[in-house]
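Residue numbers (our numbering), protein chains in the order written: chain E, 980 to 1351; chain U, 2 to 370.
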């Protein structure tokens, strides 16, 4: 069975199990690192416009509505769905699609959190609507070979991005110029989108968008290097010392590496995701930094990545109850503000397997040092 | 024009207060309040979401979203405004450093926070103007808001904000001209690139050029107007063969403000050659003269009438353009179905197709009437 057919077959099976007559998978055309892109995952195409939807009937009929209408040709080339319509008048197109597929009664809505009032009002005039995000989330938990291939392509792009990051982190280079070089390297390596945050300075507070600041001798340059390939994210968190690092930076980075290493040792399928946070927090607490294991000194110890599901969640903390699953893509990053050093970035993305964590990128997680 | 939205506004993030001082934004609030008084509005809610659609709150508050999230300004006719945005509390200080609004509220429950701000100001029974609402508001938030404001009178007032945004100040025009310089430089860099590297590399190089010049955000589309069934599309991993004709739409923002242009090139051996003969330049200047006092519809009809049937058919699906400024697309639309009077200070992204004996070329620019 092809991946596309598997998605449709699974969707129909899950709809029938819930007694749903139809399923609407909505997208407002945005791509958010913290959320799954249900439509992009299900249809294999990223929409450009503000209102887009896949409509599935309980008998397996399926149609795709996209904005703008002039993007239909590209959409048809990319998606496995045969029936694609331009939907510049989205509310009418959605109502027509439900009618065409003879969908009435109870309809599941995935991605409804993004759906604006007008589209929702059109939908509820035609059907009894109920939230159905978990249908796509359930299908997406089983990563296909094609998705895993994208993940590995993104990992290669991240390696290229880090090499550019390391090379650009030199005295006199402005922060936004570093980002320009990292983005360029990752695009050349195949990334179609990028999420890059950084900070430079002797004592960083957090990672952020780049400014005009020029790198100075003695700076610590920290970065979140996150290429996207067809919706799949990979992240490397890296620290470069511009000039010899202080003893404190070396010591505290070793502490983060220890936390990272211990966390990787416990990652495997069917353990609670919270074990990542509790392991990292434990190492830091033992070193006397328990009070720093909370915002604003850190954000999260990790998160899931994926197109159709970011399980076990966009934030992994000590309360995250979901288990890690085989073939899940998870970031493990003990990124941390420490009073002696400022914020340090450390971590990367791994593939969860039955026996452990497979590192996806090739670049070593360590403190990098550039000569002045 | 519609493009794929990035997951993050990742370019140079600087607000130069000498180029755009807070007085500029306070002046906008004063003008809005005067317009609110004329319509007997007690408050105005300016809502925006996502990287392309957050113009209303950004224009008034100088707050810019980096991720595809929402922001909202509560502007009472009398009393203090509030800025509410989706995000963690650690974003409060950065937001406060860029806005004139003292009451800054990061949150994850936009509707609830909006109701709280209105309640604190005694405005839950008021006459409230809406901009970007409910057009952009997620239905669950809208239902919460309308339930909480059942005693209020809600009035569509987006036209009021649209018009104020459309008339650019000299400072805004200055920022847009800086964005135009980035776009021009980015497109000119194509002439230095090797076609054999392919489309993917071309776009990567153009984006790098624009970022190095300080672009805050970028959008790129590609078209091959001399191929059958062509359409604008995101870049693809395809080669450029000798003789291929490729049009590149580049939009870039500089410190909030956007500019957009389109250029067409032919792959000629180891370089790209700009396809823009002098007669096209003269024709483009004549066509795209946007005279204050005429209407957008008059202008659009005249442009379509001056184009050949092939030219008109090529550009019609995308439209002739529209307003541009703090977002890549703004009111008004340059369309035969729009009759907005063009005023001094309006800025437009304009696109046309020109036909020659060799075939079609697409061209676009940001113009300042």
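All C-beta atoms, glycine included, are put in the ideal place defined by N, C-alpha and C. As the structure is a prediction and not an experimental result, all values here were calculated from the model.
Please report the straight-line C-alpha distance between residue i and residue j, rounded to a whole angstrom.
i: residue 1062 of chain E; j: residue 1042 of chain E; result: 5 Å
i: residue 184 of chain U; j: residue 317 of chain U; result: 24 Å
i: residue 1096 of chain E; j: residue 51 of chain U; result: 16 Å
i: residue 1158 of chain E; j: residue 1091 of chain E; result: 34 Å
i: residue 1053 of chain E; j: residue 1349 of chain E; result: 45 Å
i: residue 1204 of chain E; j: residue 1138 of chain E; result: 9 Å
i: residue 209 of chain U; j: residue 13 of chain U; result: 12 Å
i: residue 262 of chain U; j: residue 180 of chain U; result: 11 Å
i: residue 1133 of chain E; j: residue 1074 of chain E; result: 38 Å
i: residue 1033 of chain E; j: residue 1066 of chain E; result: 12 Å
i: residue 1188 of chain E; j: residue 1177 of chain E; result: 6 Å
i: residue 282 of chain U; j: residue 1329 of chain E; result: 54 Å
i: residue 321 of chain U; j: residue 101 of chain U; result: 36 Å
i: residue 1182 of chain E; j: residue 1146 of chain E; result: 21 Å
i: residue 45 of chain U; j: residue 4 of chain U; result: 30 Å
i: residue 1003 of chain E; j: residue 1110 of chain E; result: 10 Å
i: residue 79 of chain U; j: residue 43 of chain U; result: 8 Å
i: residue 1327 of chain E; j: residue 1319 of chain E; result: 23 Å
i: residue 1289 of chain E; j: residue 231 of chain U; result: 36 Å
i: residue 1193 of chain E; j: residue 1135 of chain E; result: 28 Å
i: residue 369 of chain U; j: residue 1257 of chain E; result: 58 Å
i: residue 253 of chain U; j: residue 216 of chain U; result: 6 Å
Could you check how far apart the C-beta atoms of residue i and residue j are, in whole angstroms? I think they sit under 8 Å.
i: residue 238 of chain U; j: residue 201 of chain U; result: 5 Å
i: residue 144 of chain U; j: residue 109 of chain U; result: The pair is not a contact, with the Cβ atoms about 17 Å apart (cut-off 8 Å).
i: residue 1253 of chain E; j: residue 1300 of chain E; result: 7 Å
i: residue 107 of chain U; j: residue 125 of chain U; result: Their Cβ separation, rounded to whole angstroms, is 22 Å, which puts residue 107 of chain U and residue 125 of chain U out of contact at 8 Å.
i: residue 1154 of chain E; j: residue 1117 of chain E; result: 42 Å between Cβ atoms; not a contact.
i: residue 1113 of chain E; j: residue 1005 of chain E; result: Contact doesn't hold; Cβ gap of about 15 Å is too wide.
i: residue 1216 of chain E; j: residue 1325 of chain E; result: 6 Å
Taking DSSP's pairing of strands, which residues face residue i in a bridge?
i: residue 1216 of chain E; result: E:1203, E:1326
i: residue 273 of chain U; result: U:268
i: residue 1208 of chain E; result: E:1211
i: residue 1005 of chain E; result: E:1032
i: residue 220 of chain U; result: U:252
i: residue 16 of chain U; result: Its beta-bridge partners do not exist; DSSP assigns none.
i: residue 1349 of chain E; result: E:1221
i: residue 360 of chain U; result: U:357
i: residue 349 of chain U; result: U:324, U:368
i: residue 261 of chain U; result: U:252
i: residue 989 of chain E; result: Per DSSP, none; premise fails for residue 989 of chain E.
i: residue 108 of chain U; result: U:87
i: residue 342 of chain U; result: U:296
i: residue 1178 of chain E; result: E:1201
i: residue 130 of chain U; result: U:45, U:156
i: residue 1414 of chain E; result: No statement about residue 1414 of chain E is possible, as the shown extent of chain E runs from 980 to 1351 and does not include it.
With burial defined as no fewer than 16 other Cβ atoms inside 10 Å of the residue's Cβ, what is the status of residue i: buried or exposed?
i: residue 1029 of chain E; result: buried
i: residue 1260 of chain E; result: buried
i: residue 332 of chain U; result: buried
i: residue 1314 of chain E; result: buried
i: residue 1107 of chain E; result: exposed
i: residue 345 of chain U; result: exposed
i: residue 1173 of chain E; result: buried
i: residue 1250 of chain E; result: exposed
i: residue 160 of chain U; result: exposed
i: residue 1224 of chain E; result: buried
i: residue 1105 of chain E; result: buried
i: residue 224 of chain U; result: buried
i: residue 1 of chain U; result: With chain U covering only 2 through 370, there is no way to say anything about residue 1 of chain U.
i: residue 995 of chain E; result: exposed
i: residue 244 of chain U; result: exposed
i: residue 206 of chain U; result: buried
i: residue 1163 of chain E; result: buried
i: residue 1124 of chain E; result: exposed
i: residue 1103 of chain E; result: exposed
i: residue 1171 of chain E; result: buried
i: residue 214 of chain U; result: buried
Runs of 3 residues minimum, wholly inside the region 1248-1323 of chain E: which ones carry the beta strand (DSSP E) assignment? The region 1248-1323 of chain E contains these whole beta strand (DSSP E) runs: 1281-1284, 1308-1311, 1315-1317, 1321-1323.
Which ranges does the beta strand (DSSP E) cover as unbroken runs of at least 3 residues, wholly within the region 132-215 of chain U, from first to last along the chain? 154-157
Give the list of continuous beta strand (DSSP E) stretches no shorter than 3 residues that lie fully inside the region 282-333 of chain U. The qualifying runs are 322-324.
Curious, which full-length beta strand (DSSP E) runs of at least 3 residues does the region 50-103 of chain U contain? With a minimum length of 3 residues, the continuous beta strand (DSSP E) runs that stay inside the region 50-103 of chain U are 71-77, 83-87.
Can you list the beta strand (DSSP E) stretches of 3 or more residues lying completely in the region 1044-1132 of chain E, in chain order? 1063-1065, 1085-1089, 1107-1110
If you scan the region 1150-1175 of chain E from start to end, which runs of the alpha helix (DSSP H) of 4 or more residues do you find wholly inside it? You should have 1154-1167.
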